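Student:
Number of protein chains: 2
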Amino acid sequence: MAFAAEVAAVAGRLTTPIWRDKIQRSLSKNKHLANSRYVQLATVRQDGRPANRTVVFRGFLADDDDSLTFVTDSRSRKVQELAVNPAAEVAWYFPQTREQYRIAGNLVVIDAAHVDNALLEARARVWSAMSESGRQQFGWPHPGRPRAAEDPEAWNNPAPGPQDPPLDTFCLVVLRVDEVEQLLLRSNERFRYSKAIKEDGSLAWAEESINP
Amino acid sequence: MAFAAEVAAVAGRLTTPIWRDKIQRSLSKNKHLANSRYVQLATVRQDGRPANRTVVFRGFLADDDDSLTFVTDSRSRKVQELAVNPAAEVAWYFPQTREQYRIAGNLVVIDAAHVDNALLEARARVWSAMSESGRQQFGWPHPGRPRAAEDPEAWNNPAPGPQDPPLDTFCLVVLRVDEVEQLLLRSNERFRYSKAIKEDGSLAWAEESINP
Numbered sequence: 000m001a002f003a004a005e006v007a008a009v010a011g012r013l014t015t016p017i018w019r020d021k022i023q024r025s026l027s028k029n030k031h032l033a034n035s036r037y038v039q040l041a042t043v044r045q046d047g048r049p050a051n052r053t054v055v056f057r058g059f060l061a062d063d064d065d066s067l068t069f070v071t072d073s074r075s076r077k078v079q080e081l082a083v084n085p086a087a088e089v090a091w092y093f094p095q096t097r098e099q100y101r102i103a104g105n106l107v108v109i110d111a112a113h114v115d116n117a118l119l120e121a122r123a124r125v126w127s128a129m130s131e132s133g134r135q136q137f138g139w140p141h142p143g144r145p146r147a148a149e150d151p152e153a154w155n156n157p158a159p160g161p162q163d164p165p166l167d168t169f170c171l172v173v174l175r176v177d178e179v180e181q182l183l184l185r186s187n188e189r190f191r192y193s194k195a196i197k198e199d200g201s202l203a204w205a206e207e208s209i210n211p
Numbered sequence: 000m001a002f003a004a005e006v007a008a009v010a011g012r013l014t015t016p017i018w019r020d021k022i023q024r025s026l027s028k029n030k031h032l033a034n035s036r037y038v039q040l041a042t043v044r045q046d047g048r049p050a051n052r053t054v055v056f057r058g059f060l061a062d063d064d065d066s067l068t069f070v071t072d073s074r075s076r077k078v079q080e081l082a083v084n085p086a087a088e089v090a091w092y093f094p095q096t097r098e099q100y101r102i103a104g105n106l107v108v109i110d111a112a113h114v115d116n117a118l119l120e121a122r123a124r125v126w127s128a129m130s131e132s133g134r135q136q137f138g139w140p141h142p143g144r145p146r147a148a149e150d151p152e153a154w155n156n157p158a159p160g161p162q163d164p165p166l167d168t169f170c171l172v173v174l175r176v177d178e179v180e181q182l183l184l185r186s187n188e189r190f191r192y193s194k195a196i197k198e199d200g201s202l203a204w205a206e207e208s209i210n211p
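Going line by line, the protein sequences match chains A and B. Using numbering that gives the first Met the number 0, the first residue of the first sequence is number 0, and each one after it goes up by one. Using numbering that gives the first Met the number 0, the first residue of the second sequence is number 0, and each one after it goes up by one.
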């Protein structure tokens, strides 16, 4: 349970990482834009080629855990791909402030059978916070398969309510962050944040100013 | 010269691929948004992990060549990475029309020493069309290296003019497209376009409607 150990190591900390504070400020300054929470998530397919798609940021995992969360359908191709290679990099561009974050780490997929109760609770919490149309999509026919002349009802099944248990196809996706880069197009500044484990076992983030 | 042969195969065609027409329409409908030409380009690093960054779409290569073009600095890490693994996937989200394109293929980097004259001409054309600040960046200190307390002049060298030859660091990046997916969030439609070589050697694009 390396993940639980890591969570414990940062519990009770007094400060959040600079990069998380920066992202929170960017979100705040760009919140009038409908797509300010849309990010592009890159992973690697089983044939060694990259995959890239837009996903919605669903918040940080907890006050004391800086993992980013997303959701996916258990039937989507990326779930199988992540079982082989969990590495990911998010590109997140904020149009209002003209900033880009690149966020690298490993993804963990939390389905109904996951063993960690805290992560199962996070899955249920994100499910409850989804829009009705967002919840409804997890009852749709198999994503990516040829579209059949099916009963139109297949697309119109009523969505489960926010307090209903998540559908089995609903997965929480957790990005455990190892490195962050911020590029500011207005000021031509660029910062790199790298994770390091300190001698006492706690996490620290090193900040470096690099050439844009 | 597989590339030249491929270009020849499509020369003189009467129609452009449906997906290219669709992207042109999306660009037109979203052109009031300053970042409608910003896309996210995913590649694979030498350690097998994905990389993802925002780049500016610089147009299709030619009327009869549907490759997408971008630019990069020869000193950027991705140039070395692409020499090992040229595979790429672009994610392109259009906020106004709520559409996503995923565009997969292989990247070719065109530097000053490239052997193909047509591609060198394309490199010079894109250089001339760059903004002054865009051209200036190719004279900046080495991207990604620690920022030094250098002479501030290093950042203020005047940009070469649009008619000056491109700086040696200036590379054209050409994405030779193999597959395109379009996802329409408004109508919940999703289309896949796959490249195929017909019996007479010409290119064809197969369209398939798939589940969103």
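Ideal Cβ positions, reconstructed from N, Cα and C, are used throughout, including at glycine. Here the structure is a predicted model, which means the values were calculated and not measured.
Using CA coordinates, which residue listed in B:E88, B:Q99, B:G200, B:I209 is at the minimum distance from T42 of chain B?
Tutor: T42 of chain B has its Cα closest to that of B:E88, out of B:E88, B:Q99, B:G200, B:I209.
Student: Which residues bound the beta strand (DSSP E) around S184 of chain B?
Tutor: Per the sequence shown, residue 184 of chain B should be read as Leu rather than Ser. Premise fails: L184 of chain B is in no beta strand (DSSP E) and is neither H nor E.
Student: Kindly indicate which three-state DSSP category Q39 of chain B falls into: helix, strand or coil?
Tutor: strand
Student: Using alpha carbons as the reference points, say which of B:D72, B:K28, B:S25, B:E120 lies closest to Q136 of chain B.
Tutor: It is B:D72 whose Cα lies nearest to the Cα of Q136 of chain B.
Student: Whose C-alpha, out of B:P16, B:Q95, B:D63, is nearest the C-alpha of L27 of chain B?
Tutor: With the sequence shown as reference, residue 27 of chain B is identified as Ser, and Leu is not the correct amino acid for it. Nearest option by C-alpha distance: B:Q95.
Student: Taking the straight line between their C-alpha atoms, what separation do you get for P140 of chain A and R146 of chain B?
Tutor: 51 angstroms
Student: Tell me whether D65 of chain A is buried or exposed, calling it buried when 16 or more other Cβ atoms sit within 10 Å of its Cβ.
Tutor: Flag for D65 of chain A reads buried.
Student: Nearest to W126 of chain A by CA position, among A:L166, A:N156, A:V108, A:N155, is which residue?
Tutor: Ranking the options by Cα distance to W126 of chain A, first place goes to A:L166.
Student: Comparing the C-beta of A158 of chain B with each C-beta of chain A, is any distance below 8 angstroms?
Tutor: At least 8 angstroms separates the CB of A158 of chain B from every CB of chain A.
Student: Can you tell me whether R52 of chain A is helix, strand or coil according to DSSP?
Tutor: Strand at R52 of chain A.
Student: Taking E120 of chain B as part of the alpha helix (DSSP H), name the residues at either end of that continuous run.
Tutor: 116-128
Student: Please list, in chain order, all residues of the same chain as P214 of chain A whose beta carbon is under 6 angstroms from its beta carbon, the five residues on each side excluded.
Tutor: The structure shown has nothing for residue 214 of chain A, since chain A only spans 0 to 211.
Student: Taking 8 angstroms as the limit between beta carbons, can you name the residues of its chain near G138 of chain B, skipping five residues before and five after?
Tutor: N156, A158, P159, L166, T168
Student: Taking 7 angstroms as the cut-off, does the CB of N187 of chain B come closer than this to any heavy atom belonging to the ligand SAH?
Tutor: No copy of the ligand SAH occurs in the structure displayed, which carries no ligand at all.
Student: Beta carbon of F93 of chain A, beta carbon of N29 of chain A: below 8 angstroms?
Tutor: For F93 of chain A and N29 of chain A, yes; Cβs fall inside 8 angstroms.
Student: How do the segment 101-121 of chain B and the segment 174-181 of chain B stand: do at least 3 beta-carbon pairs fall below 8 angstroms, yes or no?
Tutor: yes
Student: So, is the C-beta of G143 of chain A closer than 8 angstroms to a C-beta in chain E?
Tutor: No chain E is present in this structure, whose protein chains are A and B.
Student: Which residues in chain B sit within 9 angstroms of W126 of chain A, going by Cβ to Cβ distance?
Tutor: Residues of chain B passing the Cβ test: none, with the nearest at roughly 19 angstroms.
Student: Rounded to the nearest angstrom, what separates E180 of chain B and V55 of chain B at their Cα positions?
Tutor: 19 angstroms
Student: When you compare each of A:K77, A:L81, A:E98 to Y37 of chain B by their alpha carbons, which one comes out closest?
Tutor: A:E98
Student: Assuming contact is defined by CB atoms lying nearer than 8 angstroms, are N51 of chain B and A90 of chain A in contact in what I supplied?
Tutor: yes
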